[in-house]
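Below is one structure, written out as C-alpha cells; comments come after it.
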Amino acid sequence: MYAQFFGNYLLSRNIVTREQLIEAMRKKSSSHIRLGTLAIHAGYMTASEVNRVIVLQTHEDKRFGEIAINEGYLTELQVAELLSEQKPDFLLLGQALVEDGIIDHEQFQNLIIDYQSDNDLTAFEYSTETKESIRQMIEHFFVLAERPLSTHEISLYHLLMNSLVRFIGDDFTPVPPIRCQEYPANYCVSQEINGAFSVHTYLDIPESACIDFASRYVGETFTEFDEYVRASLEDFLNLLNGLFIVNMSNDCSIELTLDPPVVEETESLLTFQEETYLLPIVYPFGTIYFIITLHNRK
Amino acid sequence: MLDTVKILIGDDSILARKKLKDIILQYGTPLFLEAKDGQETVDLYKKESPDLVFLDIVMPEKDGNTAIREIIDFDKDADIIIVSSVGTQSQLKAAIEAGAKDFIQKPVQPEIIHHIIASRFEGR
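In order, the protein sequences belong to chains A and B. Take the first sequence: its letter number 128 is residue 129 in the working numbering, and every next letter is one higher. Take the second sequence: its letter number 108 is residue 109 in the working numbering, and every next letter is one higher.
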C-alpha cells in the first residue's frame, strides 16, 4: 500500500517535468512490462546487470530471460516467479520513462527503492496486538460475508486500520464486523467512491468521542464540539478514501472517483438496501463506527 | 517574508484550510483568501488576483479541475497547486493538463509546502 501515486512522487521530487510525466502516462497504457523491470523491482538484478543483458541482446537473438539465466543473473525459478507474480502497475510508468530516456536503469532502481521505503504504508510499525487484531478482523469478514473477499475490499480494510494507526493511534480494538441493515446515526459523515465498482463509506462517532477523535487527528486540543471537530470526521474519511483510490490507481490501474463528503442528518436512522457492514472500533475515548456499503455486487 | 503575498486556499474543509494556513504561517504572514468550493475560488481569483492558489479537487459546486480551467482562461499565468487526497493517475493528468503547476498528495507534508513557498517568494 502506498501513500501516493508513483507519478506524483516523481513530480514532487522534480525528477520529471509535467510534460514528460504526461507523455509517459500516455505511453505506458500501451506497453508491456519487461522482465528487466521486474527483476530490478524484485531486487534480483542490478541496473547494470540489466543494461548488460540488453547490450548482449543486440548481439544474440535470444530472450532477456534466457541470457540472464546464461549469465547467472537469474535462475529459471526466479524467471518463472517474476512472470507469474502480480506486478504493481506503477512499474510500467517507470519503464516508460526509461524508454523515453528521461531516467536510466540506475536511477530507476534507486527510485523504486526510495519510493517504496518513503511511501510504503505496510512497513508502518504495527504492534503485535494490532497485527493480530487486524488479521482477526479480516478473518471475521471472510466468515461473515460467506464469500471470498475481493482484493479491493481487503485493501480498503487494511488501509482503514493503517490510517487509524497513523492518524489516530494504535490503542484501538476492532470489534468483529456485523452485517447491518439499519443504523441509528450519532454524528455521521459519508462519502461515495465511484467507478469500476462503488462503495459507500460512513464514519459515525458519538458527540462525546468526536472531540477526542479530532484532537488526536489534528494534533491540537479541542474542548468543544465545534466546526473544526465536525470537519475532522469528513477530513479523515476523505483522506482514507483518497488513499484507497490512489492505491487502486497505482497498483491495479483502476481509476475511481470520490464525491465530496456529506454530513448525514443527526440522529436519523440510516437504512441500507445493499450488502453493508458495521465495524465498531473501540478506543479508550469511545467507540467510532465505520460502515461500508458495497454496491453493484453481482 | 510573504508580507506582500496573497495566497488563495480553495478547499471545502475548514480544517484542511486551517492546517494549510498553519503550515504557511511558519514561513511568513501572507494575506490569506479562503474559498469553500470551486465556484468561490474562481470568483475570488478574478476579484483578487492572488500570487498563489492552493486548490482541492473534490469539492461541491464545481470541482477543482473545472476551477483550474476557468482560472487559466482568465489568467494563463495563474500559479495553481493542487492539494488533494485523490492523487490518482487520471486526476494528476487532468489537473496538469488543465494547467496546475504541481500536485500535492494529502496528508500535506510541511516541507513540500515550504519548498513551494521558498522557490517562489524567497527574498521578497
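C-beta atoms are modelled at their ideal positions from N, C-alpha and C, and glycine is treated no differently. It should be emphasised that the depicted structure is a prediction, and the values quoted were computed from it without experimental measurement.
Alpha carbon to alpha carbon, what distance is there between residue j and residue i?
i	j	result
A/T258	B/T67	15 Å
B/E41	B/I105	21 Å
B/D13	B/K37	4 Å
A/T202	A/A48	43 Å
B/G39	A/S254	27 Å
A/R14	B/L53	20 Å
A/T277	A/A81	40 Å
A/Q192	A/R167	21 Å
A/G220	B/K20	10 Å
A/P185	A/F6	37 Å
B/L45	A/F273	40 Å
A/L92	B/L9	36 Å
B/G65	A/V247	17 Å
A/V283	A/V190	18 Å
B/I73	A/H60	52 Å
B/I128	B/R18	The requested residue 128 of chain B does not occur in the structure, where chain B is confined to residues 2 to 125.
A/V54	A/D172	50 Å
A/Y10	A/Y116	7 Å
A/P207	A/L270	14 Å
Mind checking which residues open and close the alpha helix (DSSP H) that includes residue i?
i	result
A/K28	R19 to K29
A/N239	E228 to C253
A/Y116	H106 to N120
A/N195	Here A/N195 belongs to no alpha helix (DSSP H); instead the beta strand (DSSP E) covers Y188 to N195.
B/P111	P111 to F122
A/F168	T152 to F168
A/H42	L36 to A43
B/I83	Element bounds for B/I83: not the alpha helix (DSSP H) but the beta strand (DSSP E), I81 to S85.
A/H60	A48 to H60
A/H141	T129 to A146
Along the chain, where does the beta strand (DSSP E) containing residue i start, and where does it finish?
i	result
B/G11	K7 to G11
Would you say the beta carbon of residue i comes nearer than 8 Å to a heavy atom of the ligand ADP?
i	result
B/F33	Absence of the ligand ADP from the depicted structure is noted, as is the absence of any ligand whatsoever, leaving it without description.
Does any residue of chain A have a CB that is nearer than 9 Å to the CB of residue i?
i	result
B/E98	yes
B/V16	The question names Val, but residue 16 of chain B in the sequence shown is Leu. Yes, contact with chain A.
B/T42	no
B/V87	yes
Spell out whether any CB of chain B is found under 9 Å from the CB atom of residue i.
i	result
A/I34	no
A/F1	Nothing in the structure corresponds to residue 1 of chain A, since chain A is present only between 2 and 299.
A/R180	no
A/N195	no
A/K299	For A/K299, the predicted structure reports a pLDDT of 43, less than 50, and the residue's modelled location is therefore unreliable. The matter cannot be settled from this model.
**OP:** May I ask you to verify whether the region 133 to 146 of chain A touches the region 177 to 196 of chain A, counting CB pairs closer than 8 Å and requiring at least 3?
**Re:** yes
Original post:
What beta strand (DSSP E) runs, 3 residues minimum, are completely inside the region 260 to 284 of chain A?
Top reply: 270 to 272 and 277 to 284
**OP:** Kindly provide the ranges of any alpha helix (DSSP H) runs that are 4 or more residues long and lie completely inside the region 9 to 51 of chain B, ordered along the chain.
**Re:** 15 to 26 and 39 to 49
Original post:
Between the region 147 to 164 of chain A and the region 234 to 245 of chain A, do at least 3 Cβ pairs fall closer than 8 Å?
Top reply: yes
**OP:** Please determine if the region 79 to 89 of chain B and the region 104 to 118 of chain B are in contact, where contact requires at least 3 C-beta pairs separated by less than 8 Å.
**Re:** yes
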